[in-house]
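Residue numbers (the numbering used here), protein chains in the order written: chain A, 1 to 344; chain B, 1001 to 1295.
C-beta atoms are modelled at their ideal positions from N, C-alpha and C, and glycine is treated no differently.
Here's the structure we're looking at; comments come further down.
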Amino acid sequence: MITATAVSGPEPGGRADRAALVVEHLTCTIPGPDGSELRLVNDVSFTLAAGRTLGIVGESGSGKTMLVRSIMGIGPPTTSVTGSVLLNGRELLHLPRRQRRERLGAEIAMVFQNPMTSLNPVVTVGRQISEGIRAHLGLGKREARARSIQLLADVGIPDPARRFDQYPHELSGGMRQRVTIAAALGSDPDVLIADEATTALDVTVQKQILVLLERIQEERQMAIIMISHDLGVVSGRTDDLLVLYGGQVAEAGPTRHVFERHAHRYTEALLRAIPSLAAEPHGTFATIPGTPPRPVAEFDRCRFAPRCAHATDACTAGPPPWVADDGNRHGHRCVHPSDPAGAR
Amino acid sequence: MTIVGGAGELGSTDAAVRSPAAGRRRRWGFSLILSVAWLVLISAAALLVDLLPLHDYISVAGAPNRPPNWSAEFLGTDSVGRSQLSRIIYGARVSFLIGFCATALSMLVGGALGLLAAYFGGAVNSIINVLANTMLAIPALLFLLALSIALRPSTPMLTVILSVITVPAFLRITYANALAEMQKDYVVAAQLMGASTGRTMLREVLPNSIMPVLSYAVLVVPSMIVVEGSLSFLGYGVPAPQPSWGAMIAAGRARLTTNPAEALIPCAAMFLTVFALNGIGDAIRERYGSREGVA
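Written out as structure tokens, the structure reads:
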């Protein structure tokens, strides 16, 4: 089976290279309204080492969110997920509910896109942080409170003892996102998934949150999956990059390598769409014509071909093979790559 | 010039900000104060009735069929000489007890079913929905009469039977609100932190979908009182020696020409109570019921 693999190897700095999360052949389908099968995630594989950051990029509808929801096992009830998700070496998929519950939060946690809706409006922020801690670490009320206040301080909230007893509506958006991060960090997870965690925030706050995540990662040797449609956000802050298109991995590799020697025409188009200060003022933005494929569209050909300027008959003749450059840990799924030398 | 203009602008903004508050204050006016006063009076009397120097509702207090007058029995007596005042107050007890308890019970059952239906969806939702539709298909008063005639229920049993009729309404309201809340990230976030099903339902979904249910419940209480009154009027409400406003109206109906007060006084008591509860319910809903402002 063709797979995309972006293995994070050991770095010269001697960071831990223990695999925190290994996803293999993850496929997620839901029944469509007319009884057909919608394939939202198709055969995705990647490995994430402890202390490293993986960026997942793609347009809306590319399957980013469904991918992480499948990993966590929180899709709609009708979702069916196949493949394997090894978290700290142990299978997470298809666990009995109770066992999964013990691991969610403790080993893997998630920060959501919209801080306005990701906190319970009728519970104080302190309780929302300390409840997870008490459940997973078995701490008493007093210790959990102390730890929560420490966490609030860690994520840069001034006067944490007072904030502990406040309700979410008393906090600004940036503050709330810090609270959700503190809650996610409560039980010291090994993997943190940030699903567009900064998209809903002001640019300045966005930067603060990203710096915060980076600092926490340094301190705790935590693995982070950073999901974004903003290549600017992932460019400098991820070790590896996974470009998702139509539920499939289009290209994967070390972030710098993907940026510099990108092969897939979709990655090329995405990179061209980043607005730049050097661009002519009041000019038109570079866009990708067309819309992302529907999940029912055929997987037996290049998913991007209908929107691709370089598409030929070869692109629709069969599923494009995964072309891997193992030396650079870089791979793509393009019949007419833009930089054949770089990734082959 | 500029300063004056600026001040004028400030002043007008201020007035614009203040006027809705002033409007709200006006609505908290005369009728609401009267409503609260009546409810305080009648519920205090109902609660403290055993301490008051009154006849009990069953013994003879004086000559029968006395109209209202300037004595201790200022509301007069009924056809066997029982104190109308005592019977109105004991009747209030029954009305309030049934009104509040039936509503609470109905809210509990309907709310729980609605929450379960919203949380689990699928087959659970279908079964609960079929139950609710079945119940809605049966005319409420017919259902109540049939059960009352067949069972001749005691007061607690009557409360249970009454509570059944509004279960579908509570179910639907809870279901709709819980379903909306469940889509929100904080519920998913709680599940991702390893919260159990029960915890997620009771701590995350329930508190955030309860407000519209409570504000509906405030309006159900008076209608429960009216329904209990109707059943008692027809002779199938609370069992006989126990006074009930509905039964008192029914008894007074026979002597409407000779002693109209006998029927009109319990009518007035029920009217005032229902009017007051509705008015207060509306005021509460106006102030706290709207969820639009809460993100």
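Using a Cβ-Cβ distance cut-off of 8 Å, the segment 1156 to 1174 of chain B and the segment 1228 to 1243 of chain B are in contact, since at least three pairs of beta carbons, one from each stretch, lie closer than that value.
Close to Val1188 (chain B), with beta-carbon spacing below 7 Å, are these residues of chain A in chain order: Ile74. A check of alpha carbon separations from Gly61 (chain A) across A:Val296, A:Ala50, A:Leu21, A:Ser148 identifies A:Val296 as the nearest.
When DSSP reads this structure, Leu244 (chain A) sits in a beta bridge with A:Val249.
The residue from B:Val1080, B:Leu1141, B:Leu1052 with its alpha-carbon nearest to that of Gly1229 (chain B) is B:Leu1141. Think of a sphere of 9 Å around the beta carbon of His94 (chain A): no beta carbon from chain B falls inside it, the nearest being about 17 Å out. With a threshold of 16 other beta carbon atoms within 10 Å, Pro1168 (chain B) meets it and is buried. Per DSSP, the continuous beta strand (DSSP E) segment holding Ile225 (chain A) begins and ends at 223 to 228.
At a cut-off of 8 Å between beta-carbon atoms, His136 (chain A) makes contact with chain B. Not a single unbroken stretch of the beta strand (DSSP E) spanning 3 or more residues falls wholly within the segment 1080 to 1158 of chain B. The beta carbon of Ser1215 (chain B) does not come within 8 Å of any beta carbon belonging to chain A, so the residue lies off that interface. Considering only A:Leu241, A:Gly73, A:Arg333, A:Gly253, the residue with the shortest C-alpha distance to Gly327 (chain A) is A:Gly253. If you look at Asn1065 (chain B), you'll find it isn't in any beta strand (DSSP E); DSSP assigns it neither H nor E. Here the alpha carbon of Ala317 (chain A) sits roughly 20 Å from the alpha carbon of Gly247 (chain A). The beta carbon of Ser1031 (chain B) sits closer than 8 Å to the beta carbons of Gly1279 from its chain, once the five residues preceding and following it are set aside; these are given in chain order. Among the residues facing chain A, Asn1208 (chain B) is included, as its CB has a counterpart in that chain under 8 Å away. Along the segment 113 to 125 of chain A, the positions whose C-beta sits under 8 Å from a C-beta of chain B are Gln113, Asn114, Met116, Thr117, Ser118, Leu119, Asn120, Pro121, Val122, Val123, read in chain order. Within the same chain, Ser1215, Val1218 come within 7 Å of Ile1284 (chain B) by CB-CB distance, once the 5 residues on both sides are set aside. Pairing Val1130 (chain B) with Tyr1090 (chain B) gives a Cβ-Cβ distance that is not under 8 Å.
The beta-carbon of Met1193 (chain B) is placed less than 8 Å from the nearest beta-carbon of chain A. Looking at the DSSP output, Cys28 (chain A) sits in a beta bridge with A:Val41, A:Val81.
Sequence-distant Cβ neighbours of Pro306 (chain A) in its own chain, meaning closer than 7 Å and more than five residues away, are Gly290. Between Ile30 (chain A) and Thr78 (chain A), the beta carbon gap of about 5 Å places them in contact (Cβ cut-off 8 Å). The beta carbon of Cys315 (chain A) lies closer than 6 Å to those of Cys302, Ala305, Val335 in the same chain, with the five residues before and after it left out. At a cut-off of 8 Å, the C-beta of Gly1111 (chain B) has no neighbouring C-beta in chain A. Per DSSP, the continuous alpha helix (DSSP H) segment holding Val1227 (chain B) begins and ends at 1206 to 1233. Using beta-carbon distances, Ser1035 (chain B) does not count as an interface residue toward chain A, since no partner is under 8 Å. Taking every protein chain shown into account, the CB of Asn1133 (chain B) has fewer than 16 other CB atoms within 10 angstroms, so this residue is exposed.
Here the segment 279 to 290 of chain A does not lie against the segment 86 to 96 of chain A, with fewer than 3 beta-carbon pairs under 8 Å apart. Residue-level contact check: Arg176 (chain A) does not touch chain B, since none of the beta carbons of chain B fall below 8 Å from its beta carbon.
The continuous stretches of alpha helix (DSSP H) do not include Asp190 (chain A), and DSSP gives it neither H nor E. The shortest CA-to-CA distance from Ile71 (chain A) to any of A:Glu59, A:Ile181, A:Asn42 is the one to A:Asn42. Shown here, Pro293 (chain A) sits in coil according to DSSP, grouped into three states, outside any helix or strand. In this structure Ile181 (chain A) touches Leu212 (chain A) by the C-beta definition: roughly 7 Å separates them, less than 8 Å. For Ala109 (chain A), the residues of chain B that pass the 8 Å Cβ criterion are Leu1192, Met1193, in the order they occur in the chain. Each residue's CA atom was taken as its position, placing Ile1165 (chain B) and Ala1180 (chain B) some 25 Å apart.
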